[in-house]
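Asker:
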Amino acid sequence: MEFTANQIAAIANGTVEGDGEVKLNTIAKIEEGRPGAISFLANPKYSQYIYTTGSSAVLVSNDFVAEHPVNATLIRVADPYATVARLLKMVEEMTKPVYEGVEQPSFVASGVELPEGIYVGAFAYIGEGVKLGKNVKIFPQAYVGRDVKIGDSTIVYPGVRIYHGCEIGRNCILHSGVVIGADGFGFAPTPTGFEKIPQIGNVVIADDVEIGANTTVDRAMMGSTRVEKGAKIDNLVQIAHNCVVGENTAMAAQGGIAGSTKVGNNCMIGGQVGLAGHIKVGDNVQIAAQSGVKESVPEGARLFGTPAIPIGVYGRQAIMIKGLPELYKRVDRIEKETEKQ
Numbered sequence: 001m002e003f004t005a006n007q008i009a010a011i012a013n014g015t016v017e018g019d020g021e022v023k024l025n026t027i028a029k030i031e032e033g034r035p036g037a038i039s040f041l042a043n044p045k046y047s048q049y050i051y052t053t054g055s056s057a058v059l060v061s062n063d064f065v066a067e068h069p070v071n072a073t074l075i076r077v078a079d080p081y082a083t084v085a086r087l088l089k090m091v092e093e094m095t096k097p098v099y100e101g102v103e104q105p106s107f108v109a110s111g112v113e114l115p116e117g118i119y120v121g122a123f124a125y126i127g128e129g130v131k132l133g134k135n136v137k138i139f140p141q142a143y144v145g146r147d148v149k150i151g152d153s154t155i156v157y158p159g160v161r162i163y164h165g166c167e168i169g170r171n172c173i174l175h176s177g178v179v180i181g182a183d184g185f186g187f188a189p190t191p192t193g194f195e196k197i198p199q200i201g202n203v204v205i206a207d208d209v210e211i212g213a214n215t216t217v218d219r220a221m222m223g224s225t226r227v228e229k230g231a232k233i234d235n236l237v238q239i240a241h242n243c244v245v246g247e248n249t250a251m252a253a254q255g256g257i258a259g260s261t262k263v264g265n266n267c268m269i270g271g272q273v274g275l276a277g278h279i280k281v282g283d284n285v286q287i288a289a290q291s292g293v294k295e296s297v298p299e300g301a302r303l304f305g306t307p308a309i310p311i312g313v314y315g316r317q318a319i320m321i322k323g324l325p326e327l328y329k330r331v332d333r334i335e336k337e338t339e340k341q
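Residue numbers for the sequence shown, in the working numbering: 1 to 341.
Here you go:
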């Protein structure tokens, strides 16, 4: 695979500064650039590397202004990060292996239809009543329980477990270790201990959802736990029973949502964020990493801290806390001077 800078610019609706015919055959991080590579500059923290990178070309934003001479050819685009994502996807499509057919040993229950483009890896299990769409890829050692539905072109990577009755949409990606539909954490306290509450609902994953490795989405006690269209869930996230994660919402690693909480559309939730149960998070909310949210959040809020508060308030408090040692010294000095009088 080889392209020129001019060809990349045409694909990305960009403009070229420098040698438009330079040959590009790989993609590299800007700090690890080498001849023949194209890199990108999207974060200002990496600006220093554009003057020393060995890459032959660099994707930069339209408003980038060089402070020193740049040896690499520049390809100016509206959004370098989005552009490199498109290029990586193009490379992936050109180079990824094709998986089709049914490997043995594997188990496919009687009556399960295997449509065109299907792949079932070795030691995979597909239970009775399963409905599979076209071009579904089920990798080795995956478990697909009874009456599960999986839409077209969804990928189920090795070691995924999808419990009975759950529904997965089209163009989804479930990474290794994902568990969909395990029982929600439902127990009633009694004088003799905890009595298990049956979890008779399911999980519904809408189209275009990606769920990271070892993330769990619990089945509902009644009804459905839902992850809506376009949501992106990172590794090691826990989504409890009867929760809803809204459309195009992103959750970073190690976060957790307690039962029956509803998260709106287009939210961004940082790593290790915890959401209490039975609350509602509005649309377009941003929650910074390691925050703890104990009550409902209005639309458009930006929160940080435990308990989470508006990020502007948190910033002002942080400045005050930073000044506490000096304030303590002043108060201590004033008290001592007062005692002497």
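Every residue, glycine too, gets a C-beta built ideally from N, C-alpha and C. This structure is a prediction, so every number in the text was calculated from the model and none was measured.
#1: Tell me residue 310's beta-bridge partners as DSSP assigns them.
#2: Taking the C-alpha atoms as reference points, what is the distance between residue 175 and residue 84?
#3: Ignore the nearest five residues each way along the sequence and tell me which others in residue 40's own chain have a CB closer than 6 angstroms to its CB.
#4: Exposed or buried, what is residue 192 when buried is set at 16 or more other beta-carbons lying within 10 Å of its beta-carbon?
#5: Does residue 332 pass the burial test, meaning 16 or more other C-beta atoms within 10 Å, or should it be called exposed?
#6: Secondary structure at residue 320, three-state DSSP: helix, strand or coil?
#7: In the DSSP assignment, what residue or residues form a beta bridge with residue 74?
#8: With a CB to CB cut of under 8 angstroms and the five nearest residues on each side skipped, what residues in its chain are close to residue 6?
#9: Within its chain, find whatever has a CB closer than 7 angstroms to the CB of residue 305; leave out the 5 residues flanking it on each side and keep chain order.
#10: Please report the residue range of the beta strand (DSSP E) in which residue 227 lies.
#11: Do residue 259 and residue 240 count as a contact pair if the criterion is CB distance below 9 angstroms?
#12: For the alpha helix (DSSP H) that residue 80 lies in, which residues bound it at each end?
#13: Would you give the residue range spanned by the alpha helix (DSSP H) that residue 37 belongs to?
#14: Assuming residue 218 and residue 274 are in contact, meaning their beta carbons sit under 8 angstroms apart, how far apart are those beta carbons, in whole angstroms?
#15: Any idea what DSSP makes of residue 48, helix, strand or coil?
#16: Tell me the residue span of the alpha helix (DSSP H) that contains residue 242.
#17: Just tell me which of 77, 121, 339 has its CA closest to the CA of residue 62.
#18: Compare the C-beta of residue 15 against all C-beta atoms of chain B and say whether one is closer than 9 angstroms.
#19: Starting from residue 205, trace the beta strand (DSSP E) both ways and give me its first and last residue.
Answerer: Judging by the given coordinates:
#1: Residue 310 sits at position 310 when you count from the first residue of the sequence shown. Per DSSP, 303.
#2: Here residue 175 is taken as the residue at index 175 of the sequence shown, counted from 1. Here residue 84 is taken as the residue at index 84 of the sequence shown, counted from 1. Approximately 22 angstroms, taken between the alpha carbons.
#3: As a first step, residue 40 is located in the sequence shown; it is residue number 40 there, counting from the start. These residues qualify, in order along the chain: 59, 80, 84.
#4: Along the sequence shown, one-based indexing puts residue 192 at 192. Residue 192 is exposed by the Cβ-count criterion.
#5: Within the sequence shown, residue 332 is the residue found at index 332, counting from 1. The residue is exposed, with fewer than 16 neighbouring Cβ atoms inside 10 Å.
#6: What you label residue 320 is simply residue 320 of the sequence shown in a count that begins at 1. Note: residue 320 maps to helix in three-state DSSP.
#7: As a first step, residue 74 must be located in the sequence shown, where it is residue number 74. Bridge partners of residue 74: 17, 58.
#8: Here residue 6 corresponds to residue number 6 of the sequence shown, with the count starting at 1. In chain order, 16, 20, 21 place their CB closer than 8 angstroms to the CB of residue 6, counting only its own chain and leaving out the 5 sequence neighbours on each side.
#9: As a working mapping, residue 305 is identified with position 305 in the sequence shown. Here the set comprises 291, 314.
#10: Residue mapping note: residue 227 aligns to position 227 of the sequence shown, counting from 1. For residue 227, the uninterrupted beta strand (DSSP E) run begins and ends at 224-227, by DSSP.
#11: As a working mapping, residue 240 is identified with position 240 in the sequence shown. As a working mapping, residue 259 is identified with position 259 in the sequence shown. Cβ distance < 9 angstroms, so residue 240 and residue 259 count as in contact.
#12: Taking the first residue of the sequence shown as 1, we reach residue 80 at position 80. Here the alpha helix (DSSP H) through residue 80 covers 80-95.
#13: For the purposes of this step, residue 37 is taken as residue 37 along the sequence shown, with counting starting at 1. Element bounds for residue 37: not the alpha helix (DSSP H) but the beta strand (DSSP E), 37-40.
#14: In the sequence shown, the residue the question calls residue 218 occupies position 218. In the sequence shown, the residue the question calls residue 274 occupies position 274. With a Cβ gap of about 16 angstroms, residue 218 and residue 274 do not count as contacting.
#15: Stepping through the sequence shown from its first residue, residue 48 is reached at position 48. Note: residue 48 maps to helix in three-state DSSP.
#16: For the purposes of this step, residue 242 is identified with residue 242 of the sequence shown, where counting begins at 1. No residue range can be given for residue 242, since it is assigned to no alpha helix (DSSP H) and is classified by DSSP as neither H nor E.
#17: Against the sequence shown, residue 62 aligns to sequence position 62. Residue 77 holds the alpha-carbon nearest to the alpha-carbon of residue 62 among 77, 121, 339.
#18: Protein chains in the displayed structure number just one, and chain B is not present.
#19: In the sequence shown, residue 205 corresponds to position 205, counting from 1. If you look at residue 205, you'll find it in the beta strand (DSSP E) that goes 202-205.
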